[in-house]
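Engineer:
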Amino acid sequence: MKILGKKIKVNLLVQILIAIALGVGAGYVMPEWGARLFATFNAVFSQFLGFLIPLIIIGFVAPAIAEVGDKAGKVLVLTVALAYLSTTCGGLFAFFVADSTFPSLITPSGAAALETASGHVVSPFFTVTIPAPMDVMTALVLAFLLGICLAYLKGKYLGGLLDDFRNVVSMTIGRAIIPLLPLYIFGIFLDMTVTGQVATVLSAFAKIILIIFGMHIVLLLVQYAIAALFVRKNPIRMLITMLPAYFTALGTQSSAATIPVTLRQCVKMGVSEDIAGFTVPLCATIHMSGSCMKITACALALMLMEGIPYSTPQFVGFVCMLGVTMVAAPGVPGGCIMAALGLLSSMLGFNEAQQALMIALYIAMDSFGTACNVTGDGAISQIVDRFFGNHADPVPEDARMVAE
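Per the working numbering: the sequence shown = residues -7 to 396.
#1: What is the DSSP secondary structure of Tyr176, reduced to helix, strand or coil?
#2: Report the residue from Ile49, Phe310 and Ser373 whose alpha carbon sits nearest the alpha carbon of Ile165.
#3: Provide the residue span of the alpha helix (DSSP H) that contains Pro227, from first to last.
#4: Considering only the alpha carbon of each residue, which of Ser162, Ile98 and Pro273 lies closest to Ile372?
#5: Would DSSP call Ser264 helix, strand or coil?
#6: From this set, Ala352, Asp156 and Leu292, which residue's C-alpha is nearest Pro301's C-alpha?
#7: In this structure, does DSSP put Tyr20 in helix, strand or coil?
#8: Using C-beta distances below 7 angstroms, list every residue in its chain close to Ala268, excluding the 5 sequence neighbours before and after it, in chain order.
#9: Which of helix, strand or coil does DSSP assign to Ala124?
#10: Could you check the C-alpha separation between Leu212 and Gly282 for me, to the nearest Å?
#11: Specify the secondary structure class of Asn159 as computed by DSSP and reduced to three states.
#12: With respect to the alpha helix (DSSP H) encompassing Ser247, which residues constitute its N-terminal and C-terminal limits?
#13: Out of Gly152, Ala86, Ser92 and Gln215, point me to the one whose CA is closest to Phe205's CA.
#14: What are the uninterrupted segments assigned as alpha helix (DSSP H) that are 4 or more residues long and contained completely in the segment 269 to 307, given in chain order?
#15: Between the C-alpha atoms of Phe157 and Ala54, what's the straight-line distance to the nearest angstrom?
#16: Are the CB atoms of Gly15 and Leu182 within a distance shorter than 7 angstroms?
#17: Quick check on this structure: which residue in Ile209, Asn226, Val133 and Thr367 has the alpha carbon closest to the alpha carbon of Cys275?
#18: Taking the alpha carbon of Ala73 as the point to measure from, which residue in Gly315, Met350 and Met330 has its own alpha carbon closest?
#19: I'd like to know if the segment 167 to 184 and the segment 350 to 365 are in contact, where contact means that at least 3 CB-CB pairs between them fall below 8 angstroms.
#20: Just checking my contact of Val36 with Val133 at CB under 8 angstroms: how many whole Å lie between their CB atoms?
#21: Leaving out five residues on either side along the sequence, give the residues of the same chain with a beta carbon under 8 angstroms from the beta carbon of Pro95.
#22: Between which two residues does the alpha helix (DSSP H) harbouring Lys66 extend?
#23: If you run the structure through DSSP and keep just helix, strand and coil, what is Ile8?
#24: So, at 8 angstroms on beta carbons, what are the nonlocal neighbours of Gly309 in its own chain, with the 5 sequence-adjacent residues on each side left out?
#25: Have a look at Leu221, Thr233 and Val253 and flag the residue whose alpha-carbon is nearest the alpha-carbon of Ala241.
Structure (structure tokens):
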């Protein structure tokens, strides 16, 4: 965006919020041909997105499993186990809280809006069918097979090929999907406004966003309370020490970009440098408790809006698979939801309109989810350090907890 000749970078969250506002406003004044034009774009874009989902799974899951499996050691095993346990527990916590609170806040009256949001009321001028190269479960099985075998075989040719393929998929997401998302979201909310259901959807979104933010705070308190049981430190003081990482993640929307700050705060918290240097970069990739929480809660909210029946075993299976798939999240804002689209489709039956609304709702809270992820990395580092840290000269807790 250029203003007075100066290029100003607007982050994805702001773009999405602007797109929602413009879509709602334009829905009241746009002529039918204009609405059909955006419906045509959305139809083509959703087909392309569906085509990419299996490729995203293979491109990110297989190399991630190979890279984790290629590293040996008890530190790795413990870190991965804690990250996966934290991620899945975050998702299950979100499900049980949402299951007990959302039904009283959300009614199935938004179903018509979601059914028509894919362009059924405002029909596109044309559609282009782009079949996916394989279904989602086939892609998941293939990704696991390639990743596990590659970790043991250590094949340089296949490993290099998968790395290049991951770069291709990542470039496609970063330079095609993400930049076009605001336009896609604009079309979705334009269509919902035309159907007269946008007020119901937005009011439901506002309610669940507040609840999800509250769940993030509770999750962090629980993570540090558990860590305190191992390291015998004050959990509140540890959490306060990690606040610079939390607020940095709010601004960057990236776990990777926050690594230097997270690493510094973990050392200030008393984690040995060698353990922090290993766990923090690894957890930035595999520990996604806040993201898993958001996706689970938002998915349940949309199913309630649709009036779709669901079960606890269904969501338990979804969360367990989501914990693995989060490893595949590309390092771009909104990357976690992109990696999760396949599971939303295959395990929860989400259609294109529901996936689009999930993207919008997720990105609206992307900063808070990322901040929850990186702050929780400190708790995992503390536990790992308790078992494998090298503290030849123990430093008193009070001295270690004081910011330099």
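We treat Cβ as the ideally placed atom computed from N, Cα and C, and that holds for glycine.
This structure is a prediction, so every number in the text was calculated from the model and none was measured.
Structural biologist: For this structure:
#1: In the displayed model, Tyr176 falls within a helix according to three-state DSSP.
#2: For Ile165, the nearest C-alpha among the options comes from Ile49.
#3: It spans Pro227 to Thr233 - the alpha helix (DSSP H) in which Pro227 sits, taken as one unbroken run.
#4: Here the closest residue by C-alpha is Pro273.
#5: Ser264: coil per DSSP, three-state reduction.
#6: Checked all of Ala352, Asp156 and Leu292; the closest Cα to Pro301 is Leu292.
#7: In the three-state DSSP reduction, Tyr20 falls in the coil class, being neither helix nor strand.
#8: So the qualifying residues of the chain are Leu255, Cys258, Val259 and Ser373.
#9: For Ala124, the three-state secondary structure derived from DSSP is coil.
#10: If I take the Cα positions, the gap works out to 9 angstroms.
#11: Correct three-state label for Asn159: helix.
#12: Neither: Ser247 is in no alpha helix (DSSP H) and is coded neither H nor E.
#13: It is Ala86 whose Cα lies nearest to the Cα of Phe205.
#14: Complete alpha helix (DSSP H) runs here, min 4: 281 to 298.
#15: Taking the straight line joining both Cα atoms gives about 10 angstroms.
#16: A contact, by the Cβ cut-off of 7 angstroms.
#17: Nearest C-alpha to Cys275: Thr367.
#18: Comparing Cα-Cα distances from Ala73 to each of Gly315, Met350 and Met330, the minimum goes to Gly315.
#19: Under the Cβ criterion (8 angstroms, minimum of three pairs), the segment 167 to 184 counts as touching the segment 350 to 365.
#20: Wrong, their Cβ atoms sit about 29 angstroms apart, outside the cutoff.
#21: Once the five neighbours on either side are set aside, the close Cβ partners of Pro95 are Leu296.
#22: Lys66 to Leu97 is the span of the alpha helix (DSSP H), which, as asked, contains Lys66.
#23: Of the three classes helix, strand and coil, the one that applies to Ile8 here is helix, per DSSP.
#24: Within the same chain, Cβ atoms closer than 8 angstroms to the Cβ of Gly309 are found at Met339, the five residues on either side in sequence being excluded.
#25: Comparing Cα-Cα distances from Ala241 to each of Leu221, Thr233 and Val253, the minimum goes to Val253.
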